[in-house]
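See structure below.
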Amino acid sequence: MHRFAVIGLGRFGSRLAANLAASGHEVIGIDRDPALIEDMRDRVTLAIALDATDEQALLSQGVDKVDIAIVGIGNNFEAIALTTVVLKQLGVPRVISRAVTPTSAKILAKIGADEVVNPEDESADRWANRLITPQFRNHLELDAQHSIVEIQTPEAWRGHNLIELNLRAEYNVHVVAIKRRKPEQSELTPPSVMIPDPTSGLREEDILVIMGADKDLAKIVKK
Numbered sequence: 001m002h003r004f005a006v007i008g009l010g011r012f013g014s015r016l017a018a019n020l021a022a023s024g025h026e027v028i029g030i031d032r033d034p035a036l037i038e039d040m041r042d043r044v045t046l047a048i049a050l051d052a053t054d055e056q057a058l059l060s061q062g063v064d065k066v067d068i069a070i071v072g073i074g075n076n077f078e079a080i081a082l083t084t085v086v087l088k089q090l091g092v093p094r095v096i097s098r099a100v101t102p103t104s105a106k107i108l109a110k111i112g113a114d115e116v117v118n119p120e121d122e123s124a125d126r127w128a129n130r131l132i133t134p135q136f137r138n139h140l141e142l143d144a145q146h147s148i149v150e151i152q153t154p155e156a157w158r159g160h161n162l163i164e165l166n167l168r169a170e171y172n173v174h175v176v177a178i179k180r181r182k183p184e185q186s187e188l189t190p191p192s193v194m195i196p197d198p199t200s201g202l203r204e205e206d207i208l209v210i211m212g213a214d215k216d217l218a219k220i221v222k223k
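Take 1 as the starting number for the sequence shown in the UniProt record's numbering and just add one per residue.
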């Protein structure tokens, strides 16, 4: 379980916070608008109305103890930038900030944002999946409920073949490709993409390309 702070509870932030909380994570929801806080009170661990640019106010709610903070404030770039700086000053390990323009994205990266999100390009559901399952290296959204992801071979699968693992029965997912390098190749060499051989054992360094429903894909990393 991770601890998250979601700052800005508009459409994007509220949906992201609710998805993270529904997945069993501890979520602090923050917004200046008491009406938005009231709406989220029963959907997250803690919902509090405060000014997120106020360092002491954030400290009083334990925001300095979270693992990840997401700044989802709307179109107020000054508030987004100031909040990002304050969070980094508090020592939050990973800060993800909302960009409203390409220029603002560059500025946020310069002032310390670890990642930048554009809600017009990426949905709250997709970001929730990305945060809940960081083991997935790439995440291609096929529709609202299905994705293709890449993951390094889980430890329990190493040395076993796809017939033995029977992933379709166990998780209702499909390995559609395997990315593999030869032992003598460095990590700078692009891996070869292979059609899976169901009788061949999976290697530790293999990257598996897996397709399935998001709820089923999430089960892979929970075991």
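The beta carbon of each residue, even a glycine, is placed where N, CA and C say it ideally should be.
No experiment lies behind these values; they were computed from the predicted model shown.
Are there 16 or more other CB atoms within 10 angstroms of the CB of residue i, so buried, or fewer, so exposed?
i      : result
Gly159 : exposed
Val11  : At residue 11 the sequence reads Arg, which differs from the Val that was named. Exposed, since its Cβ has fewer than 16 Cβ neighbours within 10 Å.
Gly62  : exposed
Asp197 : exposed
Asn19  : buried
Gly91  : exposed
Ile195 : exposed
Val193 : exposed
In terms of DSSP beta bridges, what is residue i paired with?
i      : result
Val71  : Ile7, Ser97
Leu208 : Ile151, Ile178
Val193 : Lys179
Glu115 : Ile96
With DSSP run on the structure shown, which of helix, strand or coil describes residue i?
i      : result
Ala213 : strand
Val66  : coil
Lys182 : coil
Ala52  : coil
Asn19  : helix
Leu46  : strand
Asp39  : helix
Val92  : coil
Leu165 : helix
Gly159 : coil
Leu142 : coil
Do you know whose CA, among the options, lies nearest residue i's CA?
i      : options                        : result
Lys88  : Ile207, Asp67, Thr45, Ile48    : Asp67
Glu205 : Gly8, Ile30, Ile151            : Ile151
Lys179 : Pro191, Glu170, Arg168         : Pro191
Pro154 : Leu165, Ser147, Gln145         : Leu165
Pro183 : Arg203, Leu9, Val193, Ile210   : Arg203
Ile73  : Ile28, Ala52, Lys65, Thr199    : Ala52
Gly212 : Ala35, Leu142, Leu162, Lys110  : Leu142
Val175 : Arg181, Leu162, Ala169         : Leu162
Arg181 : Thr199, Arg168, Ile207, Lys222 : Ile207
Are any of the Cβ atoms in chain D nearer than 7 Å to that of residue i?
i     : result
Ile37 : Absent from the structure is chain D; it holds one protein chain and no more.
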